[in-house]
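Asker: Protein sequences, first through last, are from chains A and B. So in this note's numbering, the last spot in the first sequence is 398, and the numbers never skip. So in this note's numbering, the last spot in the second sequence is 69, and the numbers never skip.
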Amino acid sequence: MRKFTLPRWAQILLGLLLTLLLGLLAWWITGKVYKTNLPLGIPGKVLEYPLWAALAGLLGNALLRLTRQHETLRAGIRTELFLKVGLILLGAGINIKLLATAAAGAILQAAVMISSVFFFSWWLAGKFKLDERLRAVMSTAVSVCGVSAAIAAAGSVSAKKEQVTYVTTLVILVALPMMVLMPILANTLGLSETVAGAWFGGNIDTTAAVIGAGTIYGETAQQIAGIIKNTQNAAIGLVAFLLAIYFASRDPASKGRPSARLVWQRFPKFVLGFVLASILYALGWIDGGKGTVIAAIKDWAFTLAFVSMGLELSITQMRQMGWKPVIVFALVTIFNTLLALGVSYVIFTYLLPL
Amino acid sequence: MSKKKKNTSTQHLSKKPAPAKASFKLSEDWLSLLIAFVIFLLSAIGVLGKNGINITF
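1. Report the three-state DSSP secondary structure of Leu357 of chain A (helix, strand or coil).
2. Find the residues of chain B that neighbour Lys313 of chain A, judging by a C-beta separation of less than 9 Å, and give them in chain order.
3. Please name the residue in A:Gly101, A:Leu95 and A:Leu235 whose C-alpha comes closest to that of Ser352 of chain A.
4. Assign Thr250 of chain A to one of two classes, buried (16 or more other C-beta atoms within 10 Å of its C-beta) or exposed (fewer than that).
5. Could you tell me which residues DSSP puts in a beta bridge with Leu60 of chain B?
6. Could you check how far apart the C-beta atoms of Ser55 of chain B and Val337 of chain A are, in whole angstroms? I think they sit under 8 Å.
7. Can you check DSSP and say which residues form a bridge with Asn277 of chain A?
8. With 16 other CB atoms within 10 Å as the buried threshold, where does Glu92 of chain A fall?
9. Looking at the secondary structure, which residues open and close the alpha helix (DSSP H) in which Pro397 of chain A lies?
10. Using the rule of at least 16 other Cβ atoms within 10 Å of the residue's Cβ for burial, across every protein chain shown, is Pro51 of chain A buried or exposed?
11. Assuming Gly354 of chain A and Asn105 of chain A form a contact by the criterion Cβ under 8 Å, report the distance between their Cβ atoms to the nearest whole angstrom.
12. Do Thr212 of chain A and Val188 of chain A have their C-beta atoms closer together than 8 Å?
13. Straight-line CA distance for Lys37 of chain B to Leu66 of chain A?
14. Who are the near neighbours of Val215 of chain A in its chain, counting only those whose CB is closer than 8 Å to its CB and skipping five residues on each side?
15. I'd like to know if Glu206 of chain A contacts chain B, where contact means its C-beta is closer than 8 Å to some C-beta of that chain.
16. Using Cβ-Cβ distances below 9 Å, what residues of the segment 121-149 of chain A are close to chain B?
17. DSSP three-state label for Asn81 of chain A, please.
18. Once DSSP output is grouped into helix, strand and coil, what is the label at Ile330 of chain A?
19. Report the rounded CA-to-CA distance for Leu53 of chain B versus Leu327 of chain A, giving the unit in angstroms.
20. Using a Cβ cut-off of 9 Å, which residues of the segment 239-254 of chain A contact any Cβ in chain B, in chain order?
21. Measure the alpha-carbon distance for Trp344 of chain A versus Gly59 of chain A and round it to whole angstroms.
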């Protein structure tokens, strides 16, 4: 008997519908919790929508796997799309002046963080004798910007699909608790919103969780975290290009060197949209500030991105690869967290304060 | 027989190597730009917003 499979468009539609329903659930919970006081006198408003959205996504994930429907709806789980739309809309609420002022610090921080974390991860993964392509994908993901960087690096080094899925799962698995824990830590350390935003942007791997942590900490923290992360995102093209050169030079069968065209191919175009939106906002052509319809759609886009992130998580992939890469990833994350704290504090407190 | 041969040959020629699939990431990038700027346009002309479809969060 032939197994019935839904056409792809139906899979996408159903996946999107499920994401939307879970997003509505997260929005409803946020509204309910926002007005209440939690145990230990914690105000409900500190538990912002990214947390509920990610939890709603995890709940949907568990239900889909229990009913064996996860593969069927996977085509409609579009974390990156919602995230990119949300980031461009975020640009419409950030004045270009802030963008320009923070740019120098953001570029400096990105240069220090990407190079230090990439080479530390590369070296450590080598010590643990991980496969070279897995080393490349993991180092890029942890040093640049998580999921999209892993995909870009995988294309450059011809990594296996399982390696990309594995790193992606690790990134999400670590980013979800960090999204909630880092604002608490930042609060305990008494960090300003600027330094905290820069810390989240420089440390948390996936852009969605960076925005989530920033949102939980405050509006300025969200904006600075977005600027820092977008600056790192912009480096994907260059890193992917350099990796392609490295792997091409080591592969005797490889013909033709990668060109500057590769940089453009891998460059995240939504970053340009983010900057352009910020310029249009400064010109007064669009308004994405607080309370506007653009800001509301931005929050919806991020909610759907967090729901999708929870829906995407796959523990099975983790089990298949063993524990060595998990240990490497955990050690690099600790290194990344401490270094990002120091770098963001020095840059945004002493060198280039805003 | 020659016709058969010719057909086979044409079939062979028309069997071009499958074009490399455009990167999903790239198309998603452009799609996100399109969606965002449509939202900007609709809010600028008033279709979205307080005097039009007012979406809140």
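Backbone N, C-alpha and C define an ideal beta-carbon position, used for all residues, glycine too.
Answerer: Quick look at the numbers:
1. To locate residue 357 of chain A, count along the first sequence from 1; it is residue 313. Of the three classes helix, strand and coil, the one that applies to Leu357 of chain A here is coil, per DSSP.
2. For the purposes of this step, residue 313 of chain A is taken as residue 269 along the first sequence, with counting starting at 1. Neighbours of Lys313 of chain A on chain B, chain order: Leu38, Asp41, Trp42, Ser44 and Leu45.
3. Looking up residue 352 of chain A in the first sequence gives position 308. For the residues A:Gly101, A:Leu95 and A:Leu235, the minimum Cα distance to Ser352 of chain A belongs to A:Gly101.
4. Taking the first residue of the first sequence as position 1, residue 250 of chain A is located at position 206. Counting C-beta atoms within 10 angstroms of its own C-beta, Thr250 of chain A has 16 or more neighbours from the protein chains shown and is therefore classed as buried.
5. For this step, residue 60 of chain B is matched to residue 48 along the second sequence. Paired residue(s): B:Ile65.
6. Counting from 1 along the second sequence, the entry for residue 55 of chain B is found at position 43. Counting from 1 along the first sequence, the entry for residue 337 of chain A is found at position 293. Contact check for Ser55 of chain B and Val337 of chain A: beta-carbon distance about 5 Å, within the 8 Å limit, so the pair qualifies.
7. Locating residue 277 of chain A in the first sequence gives position 233, counting from the first residue. Beta-bridge pairing links Asn277 of chain A to no other residue.
8. Locating residue 92 of chain A in the first sequence gives position 48, counting from the first residue. Buried, because 16 or more other Cβ atoms sit within 10 Å of the Cβ of Glu92 of chain A.
9. Working through the first sequence from its first residue, we reach residue 397 of chain A at position 353. No alpha helix (DSSP H) holds Pro397 of chain A; DSSP gives it neither H nor E.
10. The residue labelled residue 51 of chain A in the question sits at position 7 within the first sequence. So Pro51 of chain A ends up on the exposed side.
11. As a position in the first sequence, residue 354 of chain A is number 310, starting the count at 1. As a position in the first sequence, residue 105 of chain A is number 61, starting the count at 1. About 6 Å separates the Cβ atoms of Gly354 of chain A and Asn105 of chain A, confirming a contact at the 8 Å cut-off.
12. As a first step, residue 212 of chain A must be located in the first sequence, where it is residue number 168. As a first step, residue 188 of chain A must be located in the first sequence, where it is residue number 144. Not a contact, by the Cβ cut-off of 8 Å.
13. Residue mapping note: residue 37 of chain B aligns to position 25 of the second sequence, counting from 1. Residue mapping note: residue 66 of chain A aligns to position 22 of the first sequence, counting from 1. Legend: pLDDT at Lys37 of chain B = 47, less than 50; position of this residue unreliable, no value from coordinates given.
14. For the purposes of this step, residue 215 of chain A is taken as residue 171 along the first sequence, with counting starting at 1. Excluding sequence neighbours, Val215 of chain A sits near Ala185, Val186, Gly190, Val191, Ala194, Asp249 and Thr250.
15. Here the question's residue 206 of chain A lines up with position 162 in the first sequence. Not one chain B Cβ lies under 8 Å of Glu206 of chain A.
16. If you check each beta-carbon in the segment 121-149 of chain A against every beta-carbon of chain B, the ones closer than 9 Å belong to Arg122, Glu124, Leu125, Phe126, Leu127, Lys128, Val129, Gly130, Leu131, Ile132, Leu133, Gly135 and Ala136.
17. If you number the first sequence from 1, residue 81 of chain A lands on position 37. Three-state DSSP puts Asn81 of chain A in a strand.
18. By one-based count along the first sequence, residue 330 of chain A stands at place 286. Coil at Ile330 of chain A, not helix or strand.
19. Here residue 53 of chain B refers to the residue found at position 41 when the second sequence is read from its first residue. Here residue 327 of chain A refers to the residue found at position 283 when the first sequence is read from its first residue. In this structure, the alpha-carbon of Leu53 of chain B lies about 15 Å from that of Leu327 of chain A.
20. Within the segment 239-254 of chain A, no residue has a Cβ that lies closer than 9 Å to any Cβ of chain B.
21. In the first sequence, the residue the question calls residue 344 of chain A occupies position 300. In the first sequence, the residue the question calls residue 59 of chain A occupies position 15. The straight-line gap separating the alpha-carbon atoms of Trp344 of chain A and Gly59 of chain A is approximately 16 Å.
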